[in-house]
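**Q** I'd like to ask some things about the structure below.
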Amino acid sequence: MSILLEPTVDAIVCHCLQISGSEIRTAAGALEAPTVRCIMKCTGAGTGCTACHRRIRRLIEDQCPSESSPTCVIR
Ligand code: FES
5 MSILLEPTVD
15 AIVCHCLQIS
25 GSEIRTAAGA
35 LEAPTVRCIM
45 KCTGAGTGCT
55 ACHRRIRRLI
65 EDQCPSESSP
75 TCVIR
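FYI, the numbering used here numbers position 10 of the sequence shown as 14, with every residue one higher than the one before it.
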């Protein structure tokens, strides 16, 4: 049943802030080196209970497999 655990683009990923996967992907696409912290700053996602950080990280890795830099650079 892993399909239920995978974040989808249109599903709400951060339930505290009601941020969808597509919003996170859009923000990640606008960043040169997206990190969970960058996504938090840009969208507000993950700034509540933090339970969504793993889902956010997975979305970033799906979109930008080379996410390794701790630098947050906005294009
Ligand atoms: S679910 Fe994202 S901060 Fe709580």
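The beta carbon of each residue, even a glycine, is placed where N, CA and C say it ideally should be.
#1: Please go through the stretch 23-60 and give each complete alpha helix (DSSP H) segment of 4 or more residues, from N-terminal end onward.
#2: Could you please give me the residues that DSSP links to I16 through a beta bridge?
#3: Could you check if C46 belongs to the surroundings of the ligand FES, using beta carbon to heavy atom distance under 6 Å?
#4: Taking 7 Å as the threshold (C-beta atoms), are L21 and A49 in contact?
**A** Taking the coordinates as given:
#1: 25-34 and 40-47
#2: Within the sequence shown, residue 16 is the residue found at index 12, counting from 1. Beta-bridge pairing links I16 to S24.
#3: Numbered from 1 along the sequence shown, position 42 holds the residue referred to as residue 46. No, the ligand FES has no heavy atom inside 6 Å of this Cβ.
#4: Start at 1 with the first residue of the sequence shown, and residue 49 comes out as number 45. Start at 1 with the first residue of the sequence shown, and residue 21 comes out as number 17. Yes, Cβ-Cβ distance for A49 and L21 is below 7 Å.
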